[in-house]
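Written below as structure tokens is the structure these notes are about.
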Amino acid sequence: LPIKGLAVGEFAITDGRGDIRGGGLYIREAAPHIRQVVLLGNQSSRGGGVFVEYGAPRFSNCHFVNNATYNGPNGYNGYNNGGGRAGNGGTGGSTGHGGALYASYAAVELIDCVFNGNTTGTAGRGGTGGIGYWGGHAGYGGHAGSGAAIYSYRSTLALLNTVLVENTCGRGGDSGTGG
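Next comes the structure, spelled out in structure tokens:
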């Protein structure tokens, strides 16, 4: 949305997938007014529903429902070395932040909006240490994401009559086992 001051509304964005930013919408250096929009079931690494970077959007009467960040990958397993030192297990992957909305260096207004059922993913499990004369160490589990509904990084948020209900953060990943 490169046009400042653009007003859009009365539609739904569903089941969108983003690699890194914004499964439903990615707003960069823009200030649109988004009204009466439903963002439902979108996923991305950061900002499952919406990712805002250096922008100043206004959302009014919008619903952010069941958006999510991806689960983190599991860590790799260490290599086996019967007569020597075995490899250590890899650290599990962390999940992203902002299940519904991620704001980065932005100024976001949320008026009469609802955030319901949004989540951050579960972090990946650490890898298993390799087997050897000196066994490998277990990998650490990944970190869980923050901000199931909203994550703000160096941003300002203005919320008016906005409801956040039943949004949940995933859990951190389990450690792997030693070799």
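Everything in the sequence shown is counted per this note's numbering, starting at 1 for the first residue and increasing by one. Using N, Cα and C, we set each Cβ at its ideal position, and we do this for glycine too. Since this is a predicted model, take the numbers as computed values, not measurements.
1. Rounded to the nearest angstrom, what separates Gly117 and Ser94 at their Cα positions?
2. Using only alpha-carbon positions, find the residue among Tyr26, Gly55, His63 and Ser44 that is nearest to Gln36.
3. Buried or exposed: which applies to Pro2, given that a residue is buried once 16 or more other Cβ atoms fall within 10 Å of its Cβ?
4. Do you know how far the Cα of Gly18 is from the Cα of Val65?
5. Going by Cα to Cα distance, which pick from Gly41, Gly139, Gly130 and Ala158 is closest to Ser175?
6. Sorted by chain position, which residues of the same chain lie with C-beta nearer than 6 Å to Ser146's C-beta, five sequence neighbours on each side aside?
7. Please specify which runs of the beta strand (DSSP E), each continuous and at least 3 residues long, are wholly inside the segment 63–115, giving them in chain order.
8. Report the rounded CA-to-CA distance for Thr177 versus Gly124, giving the unit in angstroms.
9. Which residue from Ala100, Tyr105 and Gly127 puts its Cα closest to that of Tyr153?
10. Can you tell which of Tyr151, Gly170, Gly89 and Leu6 has the C-alpha that lies nearest to the C-alpha of Leu101?
11. Could you give the distance in angstroms between the alpha-carbon of His215 and the alpha-carbon of Tyr70?
12. From the DSSP output, in three-state form, read off Gly124 for me.
13. What's the gap between the Cα of Gly135 and the Cα of Thr120?
Reading off the structure:
1. Along the sequence shown, one-based indexing puts residue 117 at 117. Along the sequence shown, one-based indexing puts residue 94 at 94. Straight across, the Cα-Cα distance linking Gly117 with Ser94 is about 21 Å.
2. Looking up residue 36 in the sequence shown gives position 36. The residue from Tyr26, Gly55, His63 and Ser44 with its alpha-carbon nearest to that of Gln36 is His63.
3. Within the sequence shown, residue 2 is the residue found at index 2, counting from 1. The predicted model places Pro2 with a pLDDT of 45, which falls under 50 and marks its position as unreliable; any figure quoted below should be read in that light. Exposed, since its Cβ has fewer than 16 Cβ neighbours within 10 Å.
4. Here residue 65 is taken as the residue at index 65 of the sequence shown, counted from 1. Here residue 18 is taken as the residue at index 18 of the sequence shown, counted from 1. When rounded, the separation of the alpha-carbon atoms in Val65 and Gly18 is 16 Å.
5. As a position in the sequence shown, residue 175 is number 175, starting the count at 1. The closest CA to that of Ser175, considering only Gly41, Gly139, Gly130 and Ala158, is found on Gly139.
6. Here the question's residue 146 lines up with position 146 in the sequence shown. The answer, listed in chain order, is His97.
7. Given a length threshold of 3 residues, each whole run of the beta strand (DSSP E) inside the segment 63–115 is given here in chain order: 63–65, 81–85, 101–104 and 107–111.
8. As a position in the sequence shown, residue 177 is number 177, starting the count at 1. As a position in the sequence shown, residue 124 is number 124, starting the count at 1. For Thr177 and Gly124, the gap between their C-alpha atoms comes out near 14 Å.
9. In the sequence shown, the residue the question calls residue 153 occupies position 153. Checking every option, the nearest Cα to that of Tyr153 belongs to Tyr105.
10. If you number the sequence shown from 1, residue 101 lands on position 101. Taking only the C-alpha atoms, the option nearest Leu101 is Tyr151.
11. Because the chain is modelled from 1 through 179, residue 215 falls outside the range shown and cannot be assessed.
12. As a working note, residue 124 is residue 124 in the sequence shown. Coil, per DSSP.
13. On the sequence shown, position 135 is the one that residue 135 refers to. On the sequence shown, position 120 is the one that residue 120 refers to. One C-alpha to the other measures close to 34 Å.
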